[in-house]
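Visitor:
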Amino acid sequence: MNQIDNYTIEQIPQYRRQFIDYTIRRFFSTYFITKWPIDCVQLLDVISSNNSLSLQVGTVSNVSSSFDAISIYNPESHDYQIILNKNKINYPFKESRDRRLNFTIAHELGHIFLDHLSISDDVKTTDERFIEDLEANEFAGRLLMPQSILLNCNFYSLEAVADFFNVSVSALTTRIHVLRRLDLLTLRKSVVCRQCGNTERSFFSKYCMICGSKWQDNENGILKTYYKGIEVNNNSEALACPNCCDDSGCILSSNCNKCGAVIINTCTNEHNPHCDYHSTGNGRYCEICGSKTEFFKGGYIKPWYEEQPELMSESIAEGSL
Ligand SMILES: [Zn+2]
Ligand SMILES: [Zn+2]
Ligand SMILES: [Zn+2]
Ligand SMILES: [Zn+2]
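In this text, residue positions in the sequence shown follow the numbering used here: the first is 11, and each later residue adds one.
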């Protein structure tokens with residue numbers, strides 16, 4: 011594999027870019043990829059155990075230090091192999107240089123899924139092989155750092171964002187260059203919950219209203235995430251009962267007059283008996299004392315970790331260029 015650090019997307023012919031779009035979409039749906047970051051070591055297991063393709067992974071150690079990995083296809087048996095340089099495997103990934111392996115594997119998967127291996131290298135020109143490496147890099151970039159996910163990140167440091175995506179700082183920098191989004195690096199930093207990615211909070215918030223963790227030392231999260239809730243008015247009263255969905259005017263009382271459910275998202279006072287804080291409709295925890303809210307305690311809104319991200323894999327893949 012050749013790491014090409016400076017390339018522009020125009021170097022890849024238009025029809026091949028469309029093929030990469032199509033291939034990555036199919037890849038996401040075949041292997042059920044909906045969450046980031048991606049750990050390619052685990053992904054290799056998923057691919058090997060899925061019977062849509064026969065893939066083995068091996069290592070070699072007596073090779074030059076410039077060798078990272080190679081992928082091989084056997085046309086008789088239709089088997090694919092990825093061979094990695096054992097000396098370069100430092101897994102689980104801890105530092106930026108260890109995470110290089112994640113991109114290396116994604117790059118080799120690019121060669122396999124973009125069908126570069128069905129024609130032997132011997133009959134390709136140097137230029138053709140160069141373009142194939144660009145394509146494999148583009149595949150790896152889109153797989154590990156989809157544009158739509160990248161654009162939702164809080165760029166408070168390059169290292170932290172690279173760490174989030176499980177890639178080296180140089181792989182992240184290249185991706186940002188290719189997308190021509192250097193502006194991301196200078197965007198104003200936001201306060202993002204490190205645990206759940208929530209960015210909504212009131213001025214005096216002490217606890218994250220979505221996951222309940224303390225904001226203190228927990229503000230440098232990477233992926234900004236929006237969590238849904240119940241529609242409420244300015245006084246935190248549900249527009250319709252969150253339990254029986256009746257919208258025929260139980261608004262003047264604090265309970266639904268049909269089913270008795272609490273319809274105002276106030277603090278349940280688990281931690282502070284005097285707290286009277288009113289949360290927004292998606293608040294799971296009181297921002298002031300950290301107690302559960304009525305809507306969360308009543309089971310009308312799900313815990314944050316059970317909620318599916320709103321971005322679907324299809325739209326993620328379409329970060330078209
Ligand atoms: Zn390559
Ligand atoms: Zn949170
Ligand atoms: Zn009701
Ligand atoms: Zn409270």
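Glycine is no exception: its CB is placed at the ideal position from the N, C-alpha and C atoms.
Are the CB atoms of S200 and E297 nearer to each other than 8 angstroms?
Guide: Result no, Cβ atoms of S200 and E297 do not sit closer than 8 angstroms.
Visitor: Using only alpha-carbon positions, find the residue among D257, N279, P283 that is nearest to A271.
Guide: When each option's Cα is compared against that of A271, the closest is D257.
Visitor: May I ask you to report which of helix, strand or coil DSSP gives D86?
Guide: Correcting the residue identity first, residue 86 is Glu in this sequence and not Asp. Of the three classes helix, strand and coil, the one that applies to E86 here is coil, per DSSP.
Visitor: Assign S289 to one of two classes, buried (16 or more other C-beta atoms within 10 Å of its C-beta) or exposed (fewer than that).
Guide: Classification of S289: buried, given that the 10 Å Cβ count is 16 or more.
Visitor: Within the present structure, is the beta-carbon of N282 separated from the nearest heavy atom of ligand 4 by less than 7 angstroms?
Guide: Flag set: Cβ of N282 near ligand 4.
Visitor: Note down, in chain order, each residue of its chain lying with its Cβ closer than 8 angstroms to the Cβ of C251, except the 5 sequence neighbours on either side.
Guide: Cβ within range, chain order: D257, C260, C266, K268, C269, A271, I273.
Visitor: Run the proximity test for C277: is its beta-carbon closer than 7 angstroms to any non-hydrogen atom belonging to ligand 6?
Guide: Inclusion of ligand 6 in the displayed structure is not the case, the ligand content consisting of ligand 1, ligand 2, ligand 3 and ligand 4 alone.
Visitor: Would you call the segment 45–60 in contact with the segment 112–132, where contact means no fewer than 3 C-beta pairs closer than 8 angstroms?
Guide: The segment 45–60, when compared against the segment 112–132, does touch it at the 8 angstroms Cβ threshold.
Visitor: If you scan the segment 115–150 from start to end, which runs of the beta strand (DSSP E) of 3 or more residues do you find wholly inside it?
Guide: Listed in chain order, there is nothing to give.
Visitor: Report the three-state DSSP secondary structure of S325 (helix, strand or coil).
Guide: Summary for S325: the model assigns pLDDT 48, below 50, so the residue's position carries little reliability; its value from the coordinates is reported in the next sentence. DSSP places S325 in helix when its eight states are reduced to three.
Visitor: Give a yes or no on whether the minimum CB-CB distance between T183 and chain B is below 8 angstroms.
Guide: Of the chains in the structure shown, none is chain B; there is only one protein chain.
Visitor: In chain order, which beta strand (DSSP E) runs of at least 3 residues are fully inside the segment 66–111?
Guide: You should have 79–84, 89–95.
Visitor: What residue ranges within the segment 159–190 form continuous beta strand (DSSP E) runs of no fewer than 3 residues, ordered along the chain?
Guide: Fully enclosed beta strand (DSSP E) runs of 3 or longer: not present.
Visitor: What span of residues does the alpha helix (DSSP H) with Q52 cover, start to end?
Guide: It spans 50–59 - the alpha helix (DSSP H) in which Q52 sits, taken as one unbroken run.
Visitor: Check each candidate in K216, N61, N164 and name the one with the smallest Cα separation from T235.
Guide: Taking only the C-alpha atoms, the option nearest T235 is N164.
Visitor: Please determine whether the Cβ atom of A146 lies at a distance below 7 angstroms from any heavy atom of ligand 1.
Guide: Within the cutoff, so yes.
Visitor: How close, in whole Å, do the beta carbons of N208 and Y237 come, if the pair is a contact with beta carbons under 8 angstroms?
Guide: Contact flag correct, Cβ pair sits at about 6 angstroms.
Visitor: Just verifying my parser: in three-state terms, what is the DSSP assignment at T235?
Guide: In this structure, T235 counts as coil in the three-state DSSP scheme.
Visitor: Taking buried to mean at least 16 other C-beta atoms within 10 Å of its own C-beta, is Q226 buried or exposed?
Guide: With fewer than 16 other Cβ atoms within 10 Å, it is exposed.
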